[in-house]
Amino acid sequence: MLRHPEIIGHEIGFKDMTALHGLWIREMVFGTEDYTLQGHRGSFKSSALSVAIALLMILKPDKGIIFLRKTDPDVAEMMTRVSKILSSQIVKDLVALMYDTELEITEEAQGKIVTNLWQSPSGAPQIRGLGIKSSITGSHADIVITDDICNIMDRISRAERERTKLQYAELQNIRNRGGRIINLGTPWHKEDVFTMMPNLHRYDCYSTGLILPEKLQSLRKSMSASLFAANYELKHIADEDALFRSAPEFFANEKLLYNGISHIDCSYGGADYTAFTCARLEDGILYLYGRLWHRHVSEVLDECLALADRFRCWPLYTEDNGDKGFVVREIRGRGKFGRAYHEDTNKYVKISTHLVEWWPRIRFLEASDPEYIAQIMDYTPDADHDDAPDSAACCCRILDRHGRRRAR
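Here it is in structure tokens:
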């Protein structure tokens, strides 16, 4: 079973595990050097990791583990999964065979798990889970594991990339002498934290065979070429036609949006997204908040209205070309200030003039949807999805037309 640990995965419900996942698990459990596994999205890396962590806890019960993910909720998800694996019959049988004892979880609290196999006089938990932004000062472990500490925020924000790198560098101080650091994840940017990770093993979407060709084709069409290359081909390419090359900047105080305007770019089904934007111009700076949903506008309209209320951004503008005024009537029917307009400008022209002109002076609220910002960053004349940049460009144009001071 330890030669083919993917069998454990099959028994606990991970039916898609292959011999490749068994190879990954063995390297994580039995390897002696630092190890970085870079796999495409949808390659079941985290599933393999959950099995590996459970095996580490029973095969190396004298080794303390610290596990890190981007956020605390992400950590909780993995800890729950590991607990279920430790409670599975196949793992209990393995422990009984090895140690002639019954495996028990003796302590399970927020962010930590301890079993009756744990051999440590220090009082530290057998495994401790933390968000990457947590304080790790004074912590120590024999095995340090990172999983997806780099995500879409690292793609759109240089500041986030630098924060992640600083936090990763600190991990060198918490592993015990002779300990290991194991990293798993998917690349998002050519300057992300993977540039610091050693012993890199790459498994792209072609080498694993886990995604059928027709599914790959569908995925390729659903995103920009540069994002597909990063997340699935594990390489970074330049989007020669990209309009927005400089990294976006952010602000924290949502009151800077108060008394602005809002706009909704509606999806009526299919591949389109519904994009919502709040915007306010102050002293030559355009403050924006954006959300993006892959849903019909009718499913998210109430949420859009609530956001416009929260940020005091009225009126809410929407074009009436496609729905003959249906959405604006719905807005007004809810007692809100809706304003319709007829769109007669080509999207590319609108985006490449209004939004490109304002881009150096745009600041995004930190609570904005990363997918919204990424869709703007990935926009090219051939982009399949342009809902977020279109909505943002409409806000720029509306503020321009109302005589507000233009960007210099």
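The numbering of the sequence shown is this note's numbering, which starts it at 206 and goes up by one.
No residue lacks a Cβ here, since even glycine has one placed at the ideal position from N, Cα and C.
Every value quoted in this text rests on a predicted model; they were computed, and no experiment measured them.
- Sequence-distant Cβ neighbours of aspartate 347 in its own chain, meaning closer than 6 Å and more than five residues away, are Lys268, Gly269, Asn381 and Gly384.
- Taking 8 Å as the upper bound for CB-CB distance, arginine 544 and tyrosine 522 are in contact here, some 5 Å apart.
- In this chain, valine 398 is not harboured by any beta strand (DSSP E), its DSSP state being neither H nor E.
- Serine 248 sits in coil when the DSSP states are folded into three classes, being neither helix nor strand.
- In the structure shown, the three-state DSSP call for glycine 543 is strand.
- The beta carbons of proline 330 and valine 319 sit closer together than 8 Å.
- Around the beta-carbon of valine 554, fewer than 16 other beta-carbon atoms lie within 10 Å, marking it exposed.
- For glutamate 313, no alpha helix (DSSP H) segment is defined; the enclosing uninterrupted segment is the beta strand (DSSP E) at 310-314.
- Secondary structure note for tyrosine 408: its beta strand (DSSP E) is the uninterrupted segment 405-408.
- Here the alpha carbons of glutamine 315 and lysine 338 stand approximately 16 Å from one another.
- One alpha carbon belongs to isoleucine 295, the other to valine 234, and they sit about 17 Å apart.
- When DSSP assignments are scanned along the region 435-479, the uninterrupted stretches of beta strand (DSSP E) that are 3 or more residues long and fall wholly within it turn out to be 454-456 and 466-470.
- A direct Cα-to-Cα measurement between proline 565 and alanine 364 gives close to 16 Å.
- Secondary structure note for aspartate 277: its alpha helix (DSSP H) is the uninterrupted segment 277-291.
- Residue environment for asparagine 388: buried (at least 16 other C-beta atoms within 10 angstroms of its C-beta).
- Annotation for glutamate 524: the continuous beta strand (DSSP E) segment containing it runs 521-524.
- Ranked by how close their Cα comes to the Cα of glycine 218, the residues His245, Glu307, Ile361 and Phe249 have Phe249 in first place.
- In the DSSP annotation of this structure, the continuous segment of the alpha helix (DSSP H) that includes leucine 424 starts and ends at 418-426.
- Looking at the DSSP output, lysine 317 sits in a beta bridge with Ala314 and Arg333.
- Counting C-beta atoms within 10 angstroms of its own C-beta, alanine 457 has fewer than 16 neighbours from the protein chains shown and is therefore classed as exposed.
- Setting aside the 5 residues that flank it on each side, leucine 228 has no residue in the same chain whose C-beta is closer than 7 Å to its C-beta.
- Cysteine 483 is bridged by DSSP to Ser467 and Tyr494.
- Short of 8 Å from the beta carbon of serine 288, and not among the five residues preceding or following it, lie these beta carbons of its own chain, in chain order: Ile310, Glu313 and Ile318.
- Following the DSSP letters along the chain, one finds alanine 572 in no alpha helix (DSSP H), marked with neither H nor E.
- Counting only residues of its own chain and dropping the five nearest sequence neighbours on each side, serine 255 has a CB closer than 8 Å to the CB of Met283, Arg286, Val287 and Ile290.
- Counting C-beta atoms within 10 angstroms of its own C-beta, glutamate 524 has 16 or more neighbours from the protein chains shown and is therefore classed as buried.
- Here the alpha carbons of isoleucine 386 and isoleucine 350 stand approximately 6 Å from one another.
- In the structure shown, phenylalanine 235 adopts helical secondary structure according to DSSP, grouped into three states.
- Proximity to arginine 360 across Gly328, Glu396 and Ala443 peaks at Glu396, based on C-alpha coordinates.
- Within the region 352-395, the complete beta strand (DSSP E) segments at least 3 residues long are 380-390, listed from N- to C-terminus.
- Between leucine 335 and isoleucine 258, the C-beta gap is not smaller than 8 Å, which leaves the two residues out of contact.
- Annotated as proximal: cysteine 410 and tyrosine 437, with beta-carbon spacing under 8 Å.
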